[in-house]
Structure formats: structure tokens, C-alpha cells
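Peer 1: Residue numbers (this note's numbering): 6 to 417.
Every residue, glycine too, gets a C-beta built ideally from N, C-alpha and C.
Bear in mind that the values here come from a model prediction, so they are computed numbers and not experimental data.
Please see the structure below; I have some questions.
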């Protein structure tokens, strides 16, 4: 027992020497003084007790952990921790130059943006994890990483709940818009946006309201397993990667957008998504800023858009696509399954549904009534499994088969 106690003391001393402090705070403590600035050290763990944390000052975090010892700021087990700006004159949380930091389990509300991420001097923001956050009733965008000249690398946004934004209204605004003033653009790369629930980005005063927006030049990002509905603009929109690694959009479910379900200009893999009841096309591709339509792989998606186009691809103005497009093994139900510009370099194979290029028709009576109108109970019940019979099962083209499905189940 003495040996065990000695070892525990040695371990505690080593942790302290490495900066591995545990700091417990409540709203009555000087929490602002701890979180603001760059005072936290690698390995520190800040645990916030239940209550509302509010301060009129500008909260900016500059903390930098390491890969071996990240800094963690989290809610105490079972505690509701609310970070609330008293007004929308400033963002609720600003993060400048942070690295190897985890933000976990907080509720964020009241500011101009929920979280705004940027560099500090030459220190780029990277290796950050945002998980289990509840961001709502914000004056602008929920989470932004969109400063010119910034390179955002290896950010992870996981299992966050985002709703009721304002202003531009995006859930995630990642990367930098083309700057009219000629300033250096920025981008996000090798990052993950997964398992988030994003909805109601279409309220009064919301000008745009994309669910997840990945700006031009951003590359190697994965957008997967998100649930997105009731947005003003597309549920997911990506531009192009400037020839770098493609972005992947997979296993998302999207419905009731005020625009398209998924919009991608170029350089993307779009697979195993379910999109339905959108005001625009289910999946839409057009030239956007410097991204020229092409290098798209649209496979194994289910798109149900009554009265609309399931998939729409627009030719660039000069008629020159940036790369080959694959549209294969999708289940497409709409007024028109696909609208493709003639002479586009497109491989179309293994698709099933109604209104196809070759005039294919659906034969599954369980999904359609006698007039050819999609049954509303099918959409409302979200029954998107293939029915027994010849309509979908076995129709895929093996050249474009993917290994698993929307649920992560291995395909036969």
C-alpha cells in the first residue's frame, strides 16, 4: 500500500510538472480570467459547474496544448453549462491561435457568432475539437472559421446541436469567400464535420442559412452522418479544392431546405446520402466562384424530390468541365431524375427511379399511388429502405459500388 501511495504521488507530481492541472470553476469564480487569454498550459483540464456564465467583456481564448497533452474545457458530468453573451455586439467565444484544445459539452447562446476561430499572429488555429455543444439563438453564424489569410487544419466538429441562428445564419461557415478587395484567401483542410444536428436556420432576419458551408479551395474534409433540415440555403454546400484532395460528403440526411439539398461545384465525393423534400434540386452542381463544375462522384444516394429535379448538373459557361463526373447507383425520385447538359463528360450507370434519362419508370407500388404522385406517408415515415422486388435491389453497376451503405452496413 505504501508503494502504491508513493507511485500515486510520483504520478501526480509528474502530471503537475507537465501542466496537467484540474481546474474546477463555477459562475461565482473568476472563470473569465481563466478562460480568457493564453494562460492554460498543455494537459490542463477546466471543468465548469452548472450555471450561466455571462460577461460583457470580449472573451478570446489563445490557449495552446500539444498533441500529447491537449487542453480540455468541458462541462462537469451531468451539468448544464451555459455560456451566454448579454448582447450580440460581440461573439460569444473567440478563439485565436488555439491549438490542441477540446471544447466539450457547453451550451452557447446570445452573441453575434457562437464561436469564431482565427489565427493569432503567425499561429494558425489547428488541431481543435468541438463536441457535444448546443449552439442556439445566435445573432449570426453558429461556428465560423473564415478569416482571410488563415489556414485551418484538422478541426473536428462532432455531435453538436445547432439551431435558430440569425443574420447570415449558417450552421458552419468554414473557409474564406473570394475576397473582392484582393486580400489573401483562406481555407480549411483535413477536417471532419460529423454527427451534428442542424435545423431551423430559416427564421426571421436570416439572410442565407446554409447548414454546412465549405468554401472554395478547402480540401480533404469529411462531412458525414449529419442530420440537417429547415434551412434557408442548401443543407450542405462545397465549392472546389483547387486540384487538391476531394471533399467527401457521406451518410447525411437532409430535408426541407429552402434551396438545394446538397450543392457541389467540383472535387467532391457524394455518397450514401438521403435527401428529400427540398425546394430546389436534391443534388445540384454548378460553377461557383473559381470552382468549375467537374471531378464529382455522385454514387449510392437516395433522393426524393416530388415535383423537382433529383440531380441537376449545369455546364460551365465555356462548356469546359474541370473533370469527369460519375452519377451511378442512385435511387432518384422526382419530376425529373436527372438534368444533364449534353456533351458533359458524365458516366451515368446503375441508377433507378422515376423519370430517368432512358425513360425508366418506378414499379414499386408501395411508394407511389395510381397517379404517379409520391405518397406523403412514404416521405413522412422516412422509409428509405429498398423494397422487395426488382426496382432497386441488384440494379447497381459494380464498377461504381461502394463498400457500405447509409447505416454503415456492408453492402452485399
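Within 10 Å of its beta-carbon, does residue 83 have 16 or more other beta-carbons around it, so buried, or fewer, so exposed?
Peer 2: Result: exposed.
Peer 1: Scan the stretch 159 to 224 and note each continuous beta strand (DSSP E) run of 3 residues or more that stays entirely inside, going in chain order.
Peer 2: You should have 166 to 168, 177 to 179, 192 to 194, 197 to 199, 202 to 206, 217 to 219.
Peer 1: Taking residue 135 as part of the beta strand (DSSP E), name the residues at either end of that continuous run.
Peer 2: Run containing residue 135: 131 to 136, per the beta strand (DSSP E) assignment.
Peer 1: Taking the C-alpha atoms as reference points, what is the distance between residue 31 and residue 322?
Peer 2: Roughly 58 angstroms separates the two Cα atoms.
Peer 1: Who are the near neighbours of residue 12 in its chain, counting only those whose CB is closer than 6 angstroms to its CB and skipping five residues on each side?
Peer 2: Annotation note: pLDDT 44 at residue 12 (below 50); position unreliable, coordinate value reported separately. Taken in chain order, the list of residues that qualify is empty.
Peer 1: Ignoring anything shorter than 3 residues, give me the beta strand (DSSP E) runs that lie fully in the stretch 47 to 120, in order along the chain.
Peer 2: Counting whole runs of 3 or more residues, the stretch 47 to 120 contains the beta strand (DSSP E) stretches 50 to 53, 56 to 58, 76 to 80, 86 to 89, 98 to 101, 104 to 109, 111 to 114.
Peer 1: My output table needs one value for residue 345: the three-state DSSP class, helix, strand or coil.
Peer 2: Looking at residue 345 - three-state DSSP - the assignment turns out to be strand.
Peer 1: Pick out whichever of 133, 38, 50, 41 has its Cα sitting closest to the Cα of residue 26.
Peer 2: Comparing Cα positions, the closest option is 50.
Peer 1: With a CB to CB cut of under 6 angstroms and the five nearest residues on each side skipped, what residues in its chain are close to residue 306?
Peer 2: 278, 335, listed in sequence order.
Peer 1: Let me know the secondary structure DSSP gives residue 40 once reduced to three states.
Peer 2: Residue 40: helix per DSSP, three-state reduction.
Peer 1: Considering residue 275, what are the terminal residues of the beta strand (DSSP E) in which it resides?
Peer 2: Counting along the chain, the beta strand (DSSP E) containing residue 275 begins and ends at 271 to 276.
Peer 1: Please classify residue 368 as buried or exposed, where buried requires at least 16 neighbouring CB atoms within 10 angstroms.
Peer 2: Because the pLDDT at residue 368 is just 29, under 50, the model does not fix this residue reliably, and the value given afterwards should be weighed accordingly. Exposed, because fewer than 16 other Cβ atoms sit within 10 Å of the Cβ of residue 368.
Peer 1: Give the range of the beta strand (DSSP E) segment to which residue 239 is assigned.
Peer 2: Run containing residue 239: none; DSSP gives neither H nor E here.
Peer 1: How should residue 155 be labelled, buried or exposed, when 16 other C-beta atoms within 10 angstroms of its C-beta is the threshold for buried?
Peer 2: Buried: at least 16 other Cβ atoms inside 10 Å.
Peer 1: To which residues does DSSP link residue 352 through a beta bridge?
Peer 2: Residue 352 is bridged to 331.
Peer 1: Closest to residue 195 by CA distance: which of 132, 404, 169 is it?
Peer 2: Residue 132 is the option with its Cα nearest to residue 195.
Peer 1: Checking contacts by CB at 8 angstroms: is residue 262 closer than that to chain C?
Peer 2: Absent from the structure is chain C; it holds one protein chain and no more.
Peer 1: Taking the straight line between their C-alpha atoms, what separation do you get for residue 386 and residue 72?
Peer 2: With a pLDDT of 45 at residue 386, under the threshold of 50, the modelled position of this residue cannot be trusted; read the value that follows with caution. Near 44 angstroms, if we compare the C-alpha coordinates of residue 72 and residue 386.
Peer 1: Do you know how far the Cα of residue 150 is from the Cα of residue 29?
Peer 2: Spanning the two alpha carbons is a distance of roughly 29 angstroms.
Peer 1: Could you have a look at residue 326 and say whether DSSP puts it in helix, strand or coil?
Peer 2: Of the three classes helix, strand and coil, the one that applies to residue 326 here is coil, per DSSP.
Peer 1: For a quick check, are the C-beta atoms of residue 88 and residue 112 less than 8 angstroms apart?
Peer 2: Going by C-beta atoms, residue 88 is nearer than 8 angstroms to residue 112.
Peer 1: Nearest to residue 352 by alpha carbon, out of 341, 405, 337, 342?
Peer 2: Selected option, being the one with the closest Cα: 405.
Peer 1: Across which residues does DSSP place residue 233 in a beta bridge pair?
Peer 2: Residue 233 pairs with 203, 259.
Peer 1: Please report the residue range of the beta strand (DSSP E) in which residue 408 lies.
Peer 2: Run containing residue 408: none; DSSP gives neither H nor E here.
Peer 1: Give me the residue from 171, 159, 165, 121 with the minimum Cα distance to residue 145.
Peer 2: Nearest C-alpha to residue 145: 171.
Peer 1: If you measure between the beta carbons of residue 203 and residue 227, is that distance less than 8 angstroms?
Peer 2: Their beta carbons are not under 8 angstroms apart, which means residue 203 does not touch residue 227 by this criterion.
Peer 1: With a threshold of 6 angstroms on Cβ separation, who are the neighbours of residue 317 within its own chain once the five nearest residues in sequence on each side are excluded?
Peer 2: Closer than 6 angstroms at Cβ, skipping near neighbours: 286, 289, 344.
Peer 1: Near residue 329, which residues of its chain fall below 6 angstroms by C-beta distance, leaving aside the five closest residues on each side in sequence?
Peer 2: Closer than 6 angstroms at the Cβ level, and outside the excluded window around residue 329, lie 350.
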